[in-house]
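The numbering of the sequence shown is my numbering, which starts it at 26 and goes up by one. Cβ atoms here follow ideal geometry from the backbone N, Cα and C, with glycine treated the same way.
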Amino acid sequence: MIDSQAYSPEKNDFSTPIQRLLNLNESNSRIRKLKTFIPDLKAVARRRQDIDAIFLIGQPRSARLLKPQLQFYRAEKLPIYATSQIYSGLPNPLQDSDL
């Protein structure tokens, strides 16, 4: 395990723990520093490259919200593994598509 981040399952926005997990906050910091020297610099934050997968522990509601947010923060190609706890036990193809 390289890193871990906790999140509050009561929230809908997991951007802070996701950005910390993917080191996007550090990438954004580097971009800001570079812009002090190169004001016209166009750059996009880059996620860390030393992650092979994400192991998600959570309930169905949180998992459904986390997956699209991980995709938004450039983690769409990372495999996401989870325990069976993220499945509610009742098949719902519409809601479970993000699981």
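| query | For the alpha helix (DSSP H) that contains I43, what are its first and last residues? | reply | Run containing I43: S40 to L46, per the alpha helix (DSSP H) assignment.
| request: Taking 9 Å as the cut-off, decide whether the C-beta atoms of I111 and P93 are in contact. | output: I111 places its beta carbon 9 Å or farther from that of P93.
| task | Can you tell me the Cβ-Cβ gap for L95 and G83, rounded? I've got them flagged as a contact below 8 Å. | result | With a Cβ gap of about 12 Å, L95 and G83 do not count as contacting.
| query | Taking the beta strand (DSSP E) that A88 falls in, what are its first and last residues? | reply | Looking at the DSSP string, A88 is not in any beta strand (DSSP E); the run it does join, the alpha helix (DSSP H), is P85 to F97.
| query | For I63, which of helix, strand or coil comes out of DSSP? | reply | Coil at I63, not helix or strand.
| said: Out of I27, K60, K36 and N53, which one is the CA nearest neighbour of Y98? | reply: Closest option to Y98, Cα to Cα, is N53.
| Assuming A107 contacts A88 under a Cβ cut-off of 8 Å, what Cβ separation, rounded to an integer in Å, is found between them? | About 6 Å; that satisfies the 8 Å criterion.
| Spatially closest choice to L103 from K36, L115 and D77, by CA coordinates | It is D77 whose Cα lies nearest to the Cα of L103.
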